[in-house]
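The next block holds one structure in the form of structure tokens; read it before the comments.
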Amino acid sequence: MAATRQQGQSFGLFLVGLTATCAGIYEVSSGIGKIGLALGLVVLAVSLLQFFRIKPLEGEIANGVQPAGMKAIGVLITVGGWLLALFGLHLVSGVGGRMLFAILGLAVSLVGVVFILPAACNKNAIWKA
Amino acid sequence: MIKTLPHKFLLAATLVLSFSGLVHAQTAVADKELKAGAAAAPSTATLAAGDPGGSATGTISDVPVSDSKAGVTVTDVGNQVGQNKIAINFVWTLITGFLVMFMQAGFAMVEAGLCRVKNANHTYMMNFTVYACGLLAYWLIGFAIQMGGAAGNGNLGGLQPLNGEHVISLFGKTWGVWGTQGLFLSGHTYDVGVMVIFLFEMVFMDTALTIVTGACAERWKFLTFCVSSVLMGAFTYPIFGNWAWGGGWLAALGTNLGLGKGYCDFAGSGVVHAVGGLTALAVALIIGPRIGKFNRDGSPNAIIGHDISAVLIGCFILAFGWFGFNPGSTLGASAAGNLRIGSIAVNTMLAGCTGTFGALIFMWITKGKPDASMAGNGLLAGLVAITAPSGFVNTVGAAIIGAIAGVLVCLSVAFVESRMKVDDPVGAISVHGTCGLWGVLSVGLFADGKSNYGGSWNGVTGSVTGLFYGDASQLAAQIIGIGTLVGFVFSFSFVLNWLLEIFLGHRVSAESELEGLDLPEMGQLGYPEFVMKPEPAFLHLESAAAAAAVA
Chain A
1 MAATRQQGQS
11 FGLFLVGLTA
21 TCAGIYEVSS
31 GIGKIGLALG
41 LVVLAVSLLQ
51 FFRIKPLEGE
61 IANGVQPAGM
71 KAIGVLITVG
81 GWLLALFGLH
91 LVSGVGGRML
101 FAILGLAVSL
111 VGVVFILPAA
121 CNKNAIWKA
Chain B
130 MIKTLPHKFL
140 LAATLVLSFS
150 GLVHAQTAVA
160 DKELKAGAAA
170 APSTATLAAG
180 DPGGSATGTI
190 SDVPVSDSKA
200 GVTVTDVGNQ
210 VGQNKIAINF
220 VWTLITGFLV
230 MFMQAGFAMV
240 EAGLCRVKNA
250 NHTYMMNFTV
260 YACGLLAYWL
270 IGFAIQMGGA
280 AGNGNLGGLQ
290 PLNGEHVISL
300 FGKTWGVWGT
310 QGLFLSGHTY
320 DVGVMVIFLF
330 EMVFMDTALT
340 IVTGACAERW
350 KFLTFCVSSV
360 LMGAFTYPIF
370 GNWAWGGGWL
380 AALGTNLGLG
390 KGYCDFAGSG
400 VVHAVGGLTA
410 LAVALIIGPR
420 IGKFNRDGSP
430 NAIIGHDISA
440 VLIGCFILAF
450 GWFGFNPGST
460 LGASAAGNLR
470 IGSIAVNTML
480 AGCTGTFGAL
490 IFMWITKGKP
500 DASMAGNGLL
510 AGLVAITAPS
520 GFVNTVGAAI
530 IGAIAGVLVC
540 LSVAFVESRM
550 KVDDPVGAIS
560 VHGTCGLWGV
570 LSVGLFADGK
580 SNYGGSWNGV
590 TGSVTGLFYG
600 DASQLAAQII
610 GIGTLVGFVF
620 SFSFVLNWLL
630 EIFLGHRVSA
640 ESELEGLDLP
650 EMGQLGYPEF
660 VMKPEPAFLH
670 LESAAAAAAV
680 A
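Protein sequence lines correspond, in order, to chains A and B.
Each residue of the first sequence is one higher than the last, beginning at 1 in this note's numbering.
Each residue of the second sequence is one higher than the last, beginning at 130 in this note's numbering.
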């Protein structure tokens, strides 16, 4: 497929939904704001469903299926490293200790970013065919 | 001696009356001088004769008076001085913001030049449209999230309407998480100072968004690019932006935990470039490499861009715009240490220069030729790396930071391509991600403690000082910032775009990719009169058939 009228309509609806949602948030203390927020979220949901409906029309793409489980593990490890660094801020009080925890946490995150996620995303890469 | 209470009272009253009389006398003298000055100012008749030398234009007569009967007073003059300070800072911030906006043209040329002819329209259009996508999202909600609690900037009049920061209490301290004021720039945020800071911050945000288009060029569906960019402008960028610049927890690491001056990022190596580069990595991982980029054994093929002149001219446009990016981040040219704008500009130039040399010489030695595209990337790497430390370092530090960035970008490009097997047509992940993180780290190393922006930074008294000048705690704060960029921002972007992959799909069809995105996605060729030559064998149709079979 390619760009189509349906894509344009869906994107237009998405922008309307986002605008209405933000307007609702802006006026959320009032009744009309709450209605606007609800309406905006509904329109956003409809636009996402539209996107989902027209997605298969794109046709075959040159990318293999990426294992969701492995990607989830990669993300969790990446976030986990960050949380380790934050936890270290509370656990120790000295600069040296906090720096050590920060470096350790960064190293854990990098394992996720540099090793696990690329391995997951390239597991069924087209060039391996 | 005066011992009795009435006597003490009498003495105090005498002193007060004398002092107020002195002040009154001084005020009367000042007012008399002002009136004399006003009387001596060039008359209308004098000015009507013309003023070729400029000595008669701009006098005390131009000071607005609050009471025409009383004439010009000290209060009138004081008010005008205050207005002048704010006006100078407004003009400075806006003009530098305009320069940063022009960087969009530079990014467009660099990226399109490094892509193939058949994708030129699409690549240019992504860089063109990202401006609108980002601006809308930022106006709707992004600015509020990032800067909604940023009140207190004296350079722009205080920004007092931006007085809403959502905070959490943790470990006995208060930490800012996101802002709440400024949606649609309406209500009490319809304010002259808020407008200035909105424009300036918006063009920075757009720089981050446009970085992603480079890494995902030649196979990114235009629809998904639009949606992804809107969401990045609304949420991804503003969240980290708030933590670093908008009164959030990263900046408060100094006041809350005594870690230097908190996370310091003068103009955005982390906030802008690393956020953009890491998001680019996240999307590039999900979208996959271009057809023909890697061989079956995993070795990469070079897919040559179509216009190196556009690349190098684009780099110069970016370098020019960077004079707005870094010096403009003082948010003023008057008071509070803002006269460092010259130092910041020179630091920026120097780092770009040594970055160019770093990449050029590295490639010349290792590959035998001074590679043009890597030289351009070396310039950009130096500029990216100096962005965070530019306001805090001296010229020697700037030169070293740039040189290291120039070499680092070459190593990173090879690593990302050969080890991680991520396809990045323009090197955006390395230029902005890797060198952005290096820039953040270099603040903690090279900040020399000589800057003075109003006597404090992030609410901590003193100047930003790095490890080499005696403060290891600043380095700790920077590493926590790097950890947040890698651990949170990358993950947030990855999950967000993973959801977009489920709902929209990021990639165009194999058929569109081989044909070139210009016609299927944009409906028009970038260069309709060009005669296309056949592409190299590794990019031909059989590759696509095999690719489609796998999918």
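Each residue gets a CB set at the ideal place from its N, CA and C atoms; glycine is no exception.
Buried or exposed (CB count within 10 angstroms, at least 16 for buried), residue i
i, result
"residue 69 of chain A", "exposed"
"residue 224 of chain B", "exposed"
"residue 398 of chain B", "buried"
"residue 136 of chain A", "Residue 136 of chain A is absent from the structure shown; chain A starts at 1 and stops at 129."
"residue 162 of chain B", "exposed"
"residue 251 of chain B", "buried"
"residue 267 of chain B", "buried"
"residue 469 of chain B", "buried"
"residue 24 of chain A", "buried"
"residue 213 of chain B", "exposed"
"residue 165 of chain B", "exposed"
"residue 498 of chain B", "exposed"
"residue 276 of chain B", "buried"
Three-state secondary structure (DSSP) of residue i
i, result
"residue 282 of chain B", "strand"
"residue 115 of chain A", "helix"
"residue 541 of chain B", "helix"
"residue 98 of chain A", "helix"
"residue 295 of chain B", "strand"
"residue 161 of chain B", "helix"
"residue 636 of chain B", "strand"
"residue 559 of chain B", "helix"
"residue 287 of chain B", "strand"
"residue 24 of chain A", "helix"
"residue 40 of chain A", "helix"
"residue 423 of chain B", "strand"
"residue 645 of chain B", "coil"
"residue 585 of chain B", "strand"
"residue 456 of chain B", "helix"
"residue 429 of chain B", "strand"
Min CB distance residue i to chain B below 8 angstroms
i, result
"residue 9 of chain A", "no"
"residue 87 of chain A", "no"
"residue 70 of chain A", "no"
"residue 125 of chain A", "yes"
"residue 117 of chain A", "yes"
"residue 34 of chain A", "no"
"residue 106 of chain A", "yes"
"residue 3 of chain A", "yes"
"residue 73 of chain A", "no"
"residue 113 of chain A", "yes"
"residue 95 of chain A", "yes"
"residue 16 of chain A", "no"
"residue 43 of chain A", "no"
Residue-chain proximity (residue i, chain C), Cβ-Cβ < 8 angstroms
i, result
"residue 605 of chain B", "In summary, chain C is missing from the structure at hand, where the protein chains are A and B."
Residues near residue i in its chain [Cβ-Cβ closer than 7 angstroms; skip 5 each side]
i, result
"residue 348 of chain B", "416, 419, 636, 637, 642"
"residue 362 of chain B", "262, 263, 266, 267, 271, 334, 338"
"residue 377 of chain B", "305, 306, 371"
"residue 552 of chain B", "413, 418, 419, 422"
"residue 120 of chain A", "66, 67, 70, 71, 74"
"residue 595 of chain B", "572, 573, 574, 575, 576, 603, 604"
"residue 156 of chain B", "203"
Neighbour flag for residue i against chain A, beta carbons, 8 angstroms
i, result
"residue 269 of chain B", "yes"
"residue 677 of chain B", "With a pLDDT of only 48 at residue 677 of chain B, under the threshold of 50, the placement of this residue in the model should not be trusted, and no figure is reported."
"residue 415 of chain B", "yes"
"residue 138 of chain B", "no"
"residue 492 of chain B", "no"
"residue 355 of chain B", "yes"
Residue i - partner residues in DSSP beta bridges
i, result
"residue 577 of chain B", "B:594"
"residue 130 of chain A", "A query on residue 130 of chain A cannot be resolved here, the shown segment of chain A reaching from 1 to 129 and no further."
"residue 302 of chain B", "B:299"
"residue 307 of chain B", "B:295"
"residue 389 of chain B", "B:391"
"residue 663 of chain B", "The partner list for residue 663 of chain B (beta bridge, DSSP) is empty, contrary to what the question assumes."
"residue 349 of chain B", "B:636"
Chain-order list of residues whose beta-carbon lies under 6 angstroms from that of residue i (same chain, five-residue window excluded)
i, result
"residue 203 of chain B", "159"
Own chain, CB closer than 8 angstroms to residue i, minus 5 neighbours either side, in chain order
i, result
"residue 286 of chain B", "215, 321, 322"
"residue 42 of chain A", "17"
"residue 659 of chain B", "246"
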